[in-house]
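**Q**
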Amino acid sequence: MHTTDADEIRAYIRWAPETGVTSFLVAIVGVPDSIPEQQIKTAVEVLCDDLFLGAEPAGIHLEGPYINVARRGAHKPSWLRLPDESETERLLALTGGYLRLLTVAPELPGAAAIIRRLVDAGITVSMGHTDATYEQAQEAIELGITHVTHCFNAMRPLLHRAPGPLAAVAQSKHVRGELIADGVHVHPAAMNVLVKLLGPERTIVITDALAAAGVPNTTFDFAGQPARVIRGAARLSDGTITGSVLTMDQALRNVLKMTEVSLQQAVGMLTINPAHAAHLSHRKGCLQPGYDADLLIFDQSLVLQATICRGAVAFATDEWRDRLSGLRFL
Numbered sequence: 000m001h002t003t004d005a006d007e008i009r010a011y012i013r014w015a016p017e018t019g020v021t022s023f024l025v026a027i028v029g030v031p032d033s034i035p036e037q038q039i040k041t042a043v044e045v046l047c048d049d050l051f052l053g054a055e056p057a058g059i060h061l062e063g064p065y066i067n068v069a070r071r072g073a074h075k076p077s078w079l080r081l082p083d084e085s086e087t088e089r090l091l092a093l094t095g096g097y098l099r100l101l102t103v104a105p106e107l108p109g110a111a112a113i114i115r116r117l118v119d120a121g122i123t124v125s126m127g128h129t130d131a132t133y134e135q136a137q138e139a140i141e142l143g144i145t146h147v148t149h150c151f152n153a154m155r156p157l158l159h160r161a162p163g164p165l166a167a168v169a170q171s172k173h174v175r176g177e178l179i180a181d182g183v184h185v186h187p188a189a190m191n192v193l194v195k196l197l198g199p200e201r202t203i204v205i206t207d208a209l210a211a212a213g214v215p216n217t218t219f220d221f222a223g224q225p226a227r228v229i230r231g232a233a234r235l236s237d238g239t240i241t242g243s244v245l246t247m248d249q250a251l252r253n254v255l256k257m258t259e260v261s262l263q264q265a266v267g268m269l270t271i272n273p274a275h276a277a278h279l280s281h282r283k284g285c286l287q288p289g290y291d292a293d294l295l296i297f298d299q300s301l302v303l304q305a306t307i308c309r310g311a312v313a314f315a316t317d318e319w320r321d322r323l324s325g326l327r328f329l
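Numbering follows numbering that gives the first Met the number 0, with no gaps: position 176 of the sequence shown is 175.
1) Residues in the same chain with beta-carbon distance under 8 Å from residue 104, minus the five sequence neighbours each way, listed in chain order, please.
2) Determine the direct distance from the alpha carbon of residue 108 to that of residue 162, and round the result to whole angstroms.
3) Closest to residue 175 by C-alpha separation, out of 185, 246, 19 and 100, would be which residue?
4) Specify whether the region 69-86 and the region 135-144 touch according to this definition: at least 3 beta carbon pairs, one from each stretch, less than 8 Å apart.
5) Just to confirm the assignment, what range does the beta strand (DSSP E) spanning residue 27 have?
6) Return the chain-ordered list of same chain residues with a C-beta closer than 6 Å to the C-beta of residue 197, the five sequence neighbours on each side being excluded.
7) Tell me the rounded alpha-carbon separation between residue 43 and residue 92.
8) In terms of alpha-carbon separation, which member of 263, 31, 182 and 188 lies closest to residue 243?
9) What is the residue span of the alpha helix (DSSP H) that residue 134 lies within?
10) Where does residue 333 fall in DSSP's three states?
11) Determine, using beta carbons only, whether residue 73 and residue 246 come nearer to each other than 8 Å.
12) Any chance you could list the alpha helix (DSSP H) runs of at least 4 consecutive residues sitting entirely within the region 71-147, in chain order?
13) Report the partner residues of residue 308 according to the DSSP bridge assignment.
14) For residue 49, which of helix, strand or coil comes out of DSSP?
15) Just to check my reading of the structure: residue 56 and residue 46 have Cβ atoms closer than 8 Å, yes? What is that Cβ distance to the nearest angstrom?
16) Under a three-way DSSP split, which group does residue 54 fall into?
17) Alpha carbon to alpha carbon, how far is residue 5 from residue 304?
18) Is the beta carbon of residue 193 sitting closer than 8 Å to the one on residue 178?
19) In the DSSP assignment, find the beta strand (DSSP E) that holds residue 204 and state where it starts and stops.
20) Whose CA, out of 95, 94, 62 and 261, lies closest to the CA of residue 79?
21) Distance, Cα to Cα, residue 8 vs residue 27?
22) Whole angstroms is fine: what's the gap from residue 228's alpha carbon to residue 218's?
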């Protein structure tokens, strides 16, 4: 997200349940030559709303600015910064307790100090957009990194003589890894390999979706850069993938088609696993007493029929709108 318009986030809140989303983190990327103060303030404004008319924004994910220019993907070089302890304190103050996840390239000078600080603050620190070696990744995990942002994408690859960060993650017992499950960002065979390496319990399915999500052919603005949907992904004019157009209901179907997991395992990869990563597993990700009543209703073909957010219907087909008429509608 690069917006400074709170109503854009609120519009997403209303639309997201149509795609099987009940809660999400507001992802914020960098801005030129500074930290994204106004974008953070905008997100916090929405997070402080008394009522969410759809999916719940459950916190903030800062994807940068402390990432490696060599693995920047669609992030502009001017958005990137070296880790700075005083700046990190400013980010913590701005996010006002809503920061759930921060992506950092741990090999950057100064990264170790901010990793320790963020871990001490109870924030999940994720390794991403990184050129870390296997050894550097191991050191980062020892410092407290427990998460990897979109495995395979924008990171040093897994090679037999230079195994890189993915090997360190696979050898750990607790680090979780994100997987963009569109079959474009990661080849289906590699998707299956990742799930086998980490196990379903450590794999987190994400969409990494942008404004064009759910639209097959369109052009749109990505943080001031023209982008368009080509061959199932959002791309800049030079062909660089900026993000996906995947929806969460399609992600579930893809995981079942492209990997060897059961429906129960796939559901966990979309629910309780991300809830753990966001420190929300005490109220999200399970259907148990005391948890938020977030649930999806699918037909036998796994086509979404209804989305219930915190006990209220946020989306329903005409048939299911009648069936759920006894519930509150958002």
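Every residue, glycine too, gets a C-beta built ideally from N, C-alpha and C.
**A** So, to answer that:
1) Mapped onto the sequence shown, residue 104 falls at position 105. Answer for residue 104: 65, 66, 67, 70, 110, 126, 127, 128, 129, 130 and 131, listed in chain order.
2) The residue given as residue 162 occupies position 163 in the sequence shown. The residue given as residue 108 occupies position 109 in the sequence shown. As the crow flies, the alpha-carbon of residue 162 is around 22 Å from that of residue 108.
3) Walking along the sequence shown from the start, residue 175 turns up at place 176. Of the candidates 185, 246, 19 and 100, the one whose C-alpha sits nearest the C-alpha of residue 175 is 100.
4) In this structure the region 69-86 does not touch the region 135-144; the number of beta carbon pairs closer than 8 Å is below three.
5) As a working mapping, residue 27 is identified with position 28 in the sequence shown. That run of the beta strand (DSSP E) goes 22-27.
6) In the sequence shown, the residue the question calls residue 197 occupies position 198. Closer than 6 Å at Cβ, skipping near neighbours: 176.
7) Here residue 43 is taken as the residue at index 44 of the sequence shown, counted from 1. Here residue 92 is taken as the residue at index 93 of the sequence shown, counted from 1. Those two C-alpha atoms are separated by around 11 Å.
8) Working through the sequence shown from its first residue, we reach residue 243 at position 244. Residue 182 is the option with its Cα nearest to residue 243.
9) Along the sequence shown, read from residue 1 onward, the residue named residue 134 stands at position 135. 133-142 is the span of the alpha helix (DSSP H), which, as asked, contains residue 134.
10) The displayed coordinates of the chain run from 0 to 329. Any statement about residue 333 would go beyond what the structure contains.
11) To locate residue 73, count along the sequence shown from 1; it is residue 74. To locate residue 246, count along the sequence shown from 1; it is residue 247. Not in contact: residue 73 and residue 246 (Cβ atoms no closer than 8 Å).
12) Qualifying alpha helix (DSSP H) stretches, in chain order: 84-94, 110-119 and 133-142.
13) Counting from one through the sequence shown, the residue named residue 308 turns up at place 309. In DSSP, residue 308 forms a bridge with 311.
14) The sequence position of residue 49 within the sequence shown is 50, counting from 1. It is coil, neither helix nor strand.
15) The sequence position of residue 56 within the sequence shown is 57, counting from 1. The sequence position of residue 46 within the sequence shown is 47, counting from 1. The pair is a contact, with the Cβ atoms about 6 Å apart (cut-off 8 Å).
16) Residue mapping note: residue 54 aligns to position 55 of the sequence shown, counting from 1. In the structure shown, residue 54 falls within a coil segment according to DSSP collapsed to helix, strand and coil.
17) Residue mapping note: residue 5 aligns to position 6 of the sequence shown, counting from 1. Residue mapping note: residue 304 aligns to position 305 of the sequence shown, counting from 1. Roughly 29 Å between the two C-alpha positions.
18) Numbered from 1 along the sequence shown, position 194 holds the residue referred to as residue 193. Numbered from 1 along the sequence shown, position 179 holds the residue referred to as residue 178. Less than 8 Å divides the Cβ of residue 193 from the Cβ of residue 178.
19) Here residue 204 corresponds to residue number 205 of the sequence shown, with the count starting at 1. Counting along the chain, the beta strand (DSSP E) containing residue 204 begins and ends at 202-205.
20) Here residue 79 refers to the residue found at position 80 when the sequence shown is read from its first residue. For the residues 95, 94, 62 and 261, the minimum Cα distance to residue 79 belongs to 62.
21) Here the question's residue 8 lines up with position 9 in the sequence shown. Here the question's residue 27 lines up with position 28 in the sequence shown. Each residue's Cα considered, the two are about 12 Å apart.
22) The residue given as residue 228 occupies position 229 in the sequence shown. The residue given as residue 218 occupies position 219 in the sequence shown. Distance between the alpha carbons of residue 228 and residue 218: 6 Å.
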